[in-house]
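Residue numbers (my numbering), protein chains in the order written: chain A, 1 to 302; chain B, 1001 to 1302.
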C-alpha cells in the first residue's frame, strides 16, 4: 500500500537525485538549501543553484504540506464539505546563462484529502529562446517514450494539454515548445493501469526523465556561440516567461492567493528580464522563425 | 451638457499637455506615438518616451474605445441585460533612470454605458525606490489639496482606497507610498458636487496635478548621487512593480483578459527588472528603512 508518506519520501529522493545530476553537469554551481515550515503543517526543502557554468539560476523545490482545505480550494474542487488536504511534489525551473540553452520546467505532484479523494499531476515543458527543430523533436520523443511505457494514449492527450496550458493568450503565443501536462490522474475501476501504484510509477517516471533529458540539452548547447542579438532576445523571452507565470499559470496564482511560500513559488522567475515596447524581430531572422514556432498544435513527432 | 466626446477630447488635451511638459523637464527624450484601433470601435494614441536624461521608459496613453459589453464586464458590474460601453482615459507610468527618482503612475478614466450608467475613476500613486519622508509628505499634500478643492472627504477616503489597491498581498508590502485611488464616482442626487460636470472637473484636476507634482520630483532628485547598491535595489523594486501589475492590478488583468491592446497595457512594465531569491536588506540600511515604510495606513499628513 502506497501511503502519502511513501510518496513524499520518494519525491525527496527524486529531488536529491536531480540536484546531484544538475551539479555534476553544470560543473560549478552548487545548490543551497532552505528548509521551511508550512503554516498548516509540513513544509519544504527549497534548493537554489546560481551563477553556475551553465545555469544562471535554477530552483529544485520539494514540499509536503497539509492543512484545512481553504475556501478557494474547495471552490476549485467543487466541494461543499470541509476536509483536510495533503499535497507533496517536486517543482523545477532552470534559467541558463546562454540563450542557446533552453529554459525548462518540470513538476510532479500528489494530492490527497481526508475524504479519500486523491490524484497525481505533473508535466515537463521546454522553453528554448531559439527553437531548434531537431532538439524539439528529440525532446518530445523522450516524453512520448515515458508516456508510452504507461499508456499509449497518454502522450497525445498530455501533449495537447500542455499546448493549452503553457499558452499566453494576450500574446497569442505558447510559452515554448510545450511538452506534457497532466492533472487529476486518479483510479478508474473500468480502466487498467490506474491503480495508485501504477499512476505513481508513471508520475515518478516523468520526474526521472528530467535528468537525462535536460542534461543532454545543457551539454549539447552550452558551448554554442552567441552575441548581443541573442542575449537581448533571451531577456525579452524571459519577460514573456514572467508574463506567463504571473498572469496565467494556475499553480503560481493559486500559491500566491492561498498564502503559499512566496520565495519558493517565485523561484520560477528569471534573475533578469527585459521588456521592450512592441519589439518585432526582423523578417526571416532566427527570432522571427522561433516566434513562428510558438504556436499550439505543432506535431513534433511523425 | 458634457458628452462622452467632450470628455475624450479633454483627455486628449491632457495627454498632449503632459507629454509636452515631460519632454521639457526630461530635456532629451522625445515621445513616439502609435495610433491604434479597437476591435469594437474607437482606438487610442499610445505615446512612449525612452532613453531620456531622467526617464528610462515612460508611457502616456490615451484611449477612447467602445463595443458590446463583454461577459466578464457584465459579471463585474452585476448586469443581466447587455449594453454597449464607451470608455476613455489617460494612463501613465514612468520608470526613471536613477533609483533616486520615484516611479509614478497616474490614470483618469470615464466609463459610460448605453443604459445610462456612467462613472469616473482615477488615481495617482508614487513608488519611490527609496522612500524620502519629506518627499512623501509633499506628494500627499499635493493630492490632498486637489481633493480638498472638490470635497473635504475625498482625500482621506481615496488615500485609504489607494493603500488597499496598491498592495502586494504575497509580499505583505504596499507598491510604494500610495496616493489616491477612486472609482465608480457618479451622481448622487442627495449630495452636492456630484453632477457629471463637477465629477469631471475633479477627475481632470487630478490629471492636471500630475505635471507639477512629478516634474518637481524629477528635478529635485535627478542629480543625486547613487552607486551599485542603489541600482541593484532599484532593479529588485522594479521586480515588485512587475509582480503587482501582473498578479494583482485589476486594470491590467482586466485588459489582458478582455483582448485589450497588450503593448499599451504592458507599457507599465519596466525596461529591465531583477529577481533575487529571498533578498533581505541589511538591518538599518536605507533599503530596510524603505521596506519598513511600504505599509498601509501611514498618515503622511499631520
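Cβ coordinates follow ideal geometry from the N, Cα and C atoms, glycine included.
Item                                                                                                        : Value
Any C-beta of chain B under 8 Å from that of residue 33(A)                                                  : no
Beta-ladder partner(s) of residue 63(A), from DSSP                                                          : 44(A) and 89(A)
C-beta contact flag for residue 146(A) and residue 209(A) at 8 Å                                            : yes
Cβ of residue 38(A) within 8 Å of any chain B Cβ                                                            : no
Short CB-CB distance (under 8 Å) between residue 1093(B) and chain A                                        : no
Proximity winner among 1083(B), 1292(B) and 1245(B), relative to residue 1067(B) (alpha-carbon distances)   : 1083(B)
Contact residues within the stretch 1270 to 1290 of chain B, judged by C-beta distance below 8 Å to chain A : 1270, 1271, 1272, 1273, 1274, 1275, 1276, 1277 and 1278
Where residue 1127(B) sits in the DSSP three-state scheme                                                   : strand
Helix, strand or coil at residue 161(A) [DSSP, three-state]                                                 : helix
Cβ-based contacts, 8 Å cut-off: residues of the stretch 155 to 171 of chain A near chain B                  : 169, 170 and 171
Within-8 Å CB hit, residue 1203(B) to chain D                                                               : Of the chains in the structure shown, none is chain D; the protein chains are A and B.
Within chain B, partners of residue 262(A) - CB distance below 8 Å                                          : 1170 and 1171
Alpha-carbon to alpha-carbon, residue 112(A) and residue 164(A)                                             : 25 Å
Sub-8 Å separation of residue 58(A) and residue 94(A) beta-carbons                                          : yes
Residue 1107(B), DSSP secondary structure in three states                                                   : strand
Chain B residues whose Cβ lies nearer than 8 Å to that of residue 305(A)                                    : The first residue shown for chain A is 1 and the last is 302, placing residue 305(A) beyond what the model contains.
For residue 993(B), the three-state DSSP class (helix, strand or coil)                                      : Nothing about residue 993(B) can be reported from this structure: the residues present for chain B run from 1001 to 1302 only.
Beta-carbon neighbours of residue 1048(B), restricted to chain A and to distances below 9 Å                 : 277 and 278
Opening and closing residue of the beta strand (DSSP E) in which residue 36(A) lies                         : 32 to 37
Cβ of residue 81(A) within 8 Å of any chain B Cβ                                                            : no
Cβ-based neighbour list, residue 1168(B), same chain, cut-off 8 Å, excluding 5 preceding and 5 following    : 1174, 1175, 1240, 1243, 1244, 1247 and 1248
Closest residue to residue 7(A) among 180(A), 109(A) and 253(A) (Cα-Cα distance)                            : 109(A)
Residue range of the beta strand (DSSP E) that includes residue 185(A)                                      : 178 to 185
DSSP-derived helix/strand/coil call for residue 28(A)                                                       : coil
Exposed unless 16 or more other CB atoms sit within 10 angstroms - verdict on residue 1141(B)               : exposed
Residue 256(A) at chain B interface by Cβ criterion, 8 Å                                                    : yes
Residue interval of the beta strand (DSSP E) (run including residue 1272(B))                                : 1272 to 1274
Segment limits, alpha helix (DSSP H) that includes residue 1212(B)                                          : 1196 to 1221
Distance CB(residue 1018(B))-CB(residue 1092(B)) smaller than 8 Å                                           : yes
Cα-Cα separation between residue 1043(B) and residue 1255(B), rounded to whole angstroms                    : 14 Å
Cβ-based contacts, 7 Å cut-off: residues of the stretch 1218 to 1251 of chain B near chain A                : 1242, 1243, 1246 and 1247
Backbone secondary structure at residue 12(A) - three-state DSSP                                            : helix
Residue range of the alpha helix (DSSP H) that includes residue 1075(B)                                     : 1071 to 1077
Exposure of residue 1076(B), with buried meaning 16 or more beta-carbon neighbours within 10 Å              : exposed
Secondary structure of residue 300(A), DSSP reduced to three states                                         : coil
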